[in-house]
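Residue numbers (this note's numbering): 3 to 350.
Structural data, given as structure tokens:
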């Protein structure tokens, strides 16, 4: 067989080689190149059709699986976890695109990793972390897109407000409106010799103004449940009156700790945002004396060292932080400002 014809048949692959063998075994060794080429073409076409059929079946199976996965996938897998309405901000944080509430479903817009999906912005004088997302509102009938505070976006399993099956307690909301008018005399706080100021020196800034004041706005739409007394890091914190430690040093917020004391007269103070270093002999059940050092000023990542001072009249039971109402605190929460001012004047 001429070499150029062998070369042509080799280009048809294994099918061509097989047919060449058949042709060479014939008695005449005659070679009908046109006939062989036709057979090769038919064989290739058969192989191509079989391949396409198999490929089509695999593609259909794969497509069906993808469609089932898509049908079962819900991108709105997070929820708004806040007892009060939450603002959604525009890209420049200069306007509000909408307000969302507890239970609204959230789809977070992810970037190349979860940390880069977070953005920090200064809102109301406070640096807050946000995530951009889409929120279904009005039972899914409409949606709002924008930046939402990161700390109110939770999965259902990590939102106590959703897990409890309870809405914001109406009694708690009512208590929010009259906290300023509560009478404190019944709890011994109005007595001249009641208490001393909880820090060993005057606060560095006025605790009745700005973000330090009781009732100042905080992330998630809640209100500040304390007076923040700015001091130096690790400055001593004193018991304002005799009492018993009912909750020892416990993690509180952003790298700080708290302890809770029930004082003479029945009122309760949460000494919050203190350092993690325990004061001598301070533990749950310990008795403390007025003026005794019970802790040390701690520091948040975004604010100066301070004592976060929460005051309760002691008439209620249960956790001090409960997630309900504007303050998200137990309903016997009190505004401590007037009394702190009195103790400040007497102490320094």
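Ideal Cβ placement from N, Cα and C applies to all residues, glycine included.
In this text, all values refer to a predicted model and were calculated from it rather than measured experimentally.
Under 8 Å, do residue i and residue j count as touching if we go by C-beta distance?
i	j	result
residue 102	residue 137	yes
residue 333	residue 318	yes
residue 223	residue 84	yes
residue 281	residue 295	yes
residue 298	residue 337	no
residue 232	residue 251	no
residue 139	residue 146	yes
residue 162	residue 309	no
residue 313	residue 269	yes
residue 243	residue 292	yes
residue 345	residue 239	no
residue 82	residue 105	yes
Mind reading off the beta-carbon distance from residue i to residue j? Whole number of angstroms is fine, and I expect it under 8 Å.
i	j	result
residue 273	residue 261	5 Å
residue 290	residue 241	4 Å
residue 133	residue 110	5 Å
residue 120	residue 152	6 Å
residue 108	residue 80	4 Å
residue 191	residue 267	7 Å
residue 210	residue 339	5 Å
Applying the 10 Å Cβ sphere with the 16-neighbour rule, what's the burial state of residue i?
i	result
residue 263	buried
residue 122	exposed
residue 347	exposed
residue 258	buried
residue 98	exposed
residue 193	exposed
residue 2	Residue 2 falls outside the range modelled here, since the chain spans only 3 to 350, and no answer is possible.
residue 135	buried
residue 279	exposed
residue 331	buried
residue 142	exposed
residue 335	buried
residue 326	buried
residue 35	exposed
residue 149	buried
residue 5	Residue placement at residue 5 is flagged as unreliable, the pLDDT there being 46, under the threshold of 50; the coordinate-derived value follows with that caveat. It is exposed - the Cβ of residue 5 has fewer than 16 other Cβ atoms within 10 Å.
Should the region 285–294 be regarded as contacting the region 232–250, the criterion being three or more beta carbon pairs within less than 8 Å? Touching, yes.
In chain order, which beta strand (DSSP E) runs of at least 3 residues are fully inside the region 182–252? Qualifying beta strand (DSSP E) stretches, in chain order: 229–232, 238–240.
Any contact of the region 226–235 with the region 210–218, i.e. 3+ C-beta pairs under 8 Å? In short, these stretches touch, since the Cβ pair count reaches three.
Would you list, in sequence order, the uninterrupted beta strand (DSSP E) runs of no fewer than 3 residues that lie entirely inside the region 297–348? The qualifying runs are 308–314.
Within the region 258–288, ranges of the beta strand (DSSP E) (whole runs, at least 3 residues): As far as the region 258–288 is concerned, its whole beta strand (DSSP E) runs of at least 3 residues are 258–265, 270–276.
Entirely enclosed beta strand (DSSP E) segments - the region 143–169, minimum 3 residues: Under the rule that a run must span 3 or more residues, the beta strand (DSSP E) segments found entirely inside the region 143–169 read 144–151.
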